[in-house]
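One structure below.
This is the structure we're talking about:
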């Protein structure tokens, strides 16, 4: 996953949660998103030239992009510019996006998938609309939020995660667990059938 950090000359490394909300409020987030998408495409092109093939890299797509930009054409132009395939650049969308103008969101997601992009739902389990979204949105991958991994010995936690993984598999979705930092959780998630594990 491509993530953005702000290296400030005075305050050092500033995490994204401290500036993303400000950028979202004034619509500058679309410019930052595009910058990250392009940098990621440049890296993918470099890796493809060097190795002959690449593993896909995912990028975040802010909700603002669904209303203020021509999202589909912008992304297609970028992958074409760097001679990539849409499947090389996977798109992460937080579950809160799906709670807004659903028909607009689902229509654009459908267009993106028809163009060849894979759609990942980010931060699943951190909000309130999770399961209702799964009944309406046709997604490729589910990313389970790290807030669900607090205590390795918690039986209730394990039951919940198992059911999320099983539900995703029934809906033909891949599952990624986010923020996994211990061997214990790696083993638990493998046992529960999780496809991929991502550290924090």
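Numbering (this note's numbering), first residue to last: 229 to 428. Glycine included, C-beta positions come from ideal geometry on N, C-alpha and C. Nothing here was measured: the structure is a model prediction, and the numbers come from that model.
Hey, quick one: how far does the beta strand (DSSP E) through residue i stretch, first residue to last?
{"i": "residue 371", "result": "369-372"}
{"i": "residue 319", "result": "317-322"}
{"i": "residue 402", "result": "402-405"}
What is the rounded straight-line gap between the Cα of residue i and the Cα of residue j?
{"i": "residue 378", "j": "residue 388", "result": "12 Å"}
{"i": "residue 410", "j": "residue 422", "result": "15 Å"}
{"i": "residue 254", "j": "residue 275", "result": "34 Å"}
{"i": "residue 270", "j": "residue 427", "result": "24 Å"}
{"i": "residue 297", "j": "residue 229", "result": "22 Å"}
{"i": "residue 397", "j": "residue 260", "result": "33 Å"}
{"i": "residue 247", "j": "residue 263", "result": "15 Å"}
{"i": "residue 267", "j": "residue 313", "result": "15 Å"}
Specify the secondary structure class of residue i as computed by DSSP and reduced to three states.
{"i": "residue 282", "result": "coil"}
{"i": "residue 352", "result": "strand"}
{"i": "residue 238", "result": "coil"}
{"i": "residue 275", "result": "helix"}
{"i": "residue 413", "result": "helix"}
{"i": "residue 288", "result": "strand"}
{"i": "residue 365", "result": "coil"}
{"i": "residue 246", "result": "helix"}
{"i": "residue 262", "result": "helix"}
Classify residue i as buried or exposed, calling it buried when 16 or more other Cβ atoms lie within 10 Å of its own Cβ.
{"i": "residue 183", "result": "Outside the displayed span of the chain (229 to 428) sits residue 183, for which this structure offers no information."}
{"i": "residue 242", "result": "exposed"}
{"i": "residue 384", "result": "exposed"}
{"i": "residue 235", "result": "exposed"}
{"i": "residue 348", "result": "buried"}
{"i": "residue 219", "result": "In the structure as shown, the chain begins at 229 and stops at 428. Residue 219 is therefore absent and cannot be evaluated."}
{"i": "residue 237", "result": "exposed"}
{"i": "residue 415", "result": "exposed"}
For the alpha helix (DSSP H) that residue i lies in, which residues bound it at each end?
{"i": "residue 339", "result": "330-342"}
{"i": "residue 305", "result": "299-309"}
{"i": "residue 293", "result": "293-296"}
The ligand MN and residue i: does any heavy atom of the ligand fall closer than 8 Å to the residue's C-beta?
{"i": "residue 261", "result": "With respect to the ligand MN, the structure shown offers nothing to examine, as it has no ligands at all."}
*asked:* Quick test of the definition: if touching needs 3 or more C-beta pairs under 8 Å, does the segment 362-376 touch the segment 331-347?
replied: yes
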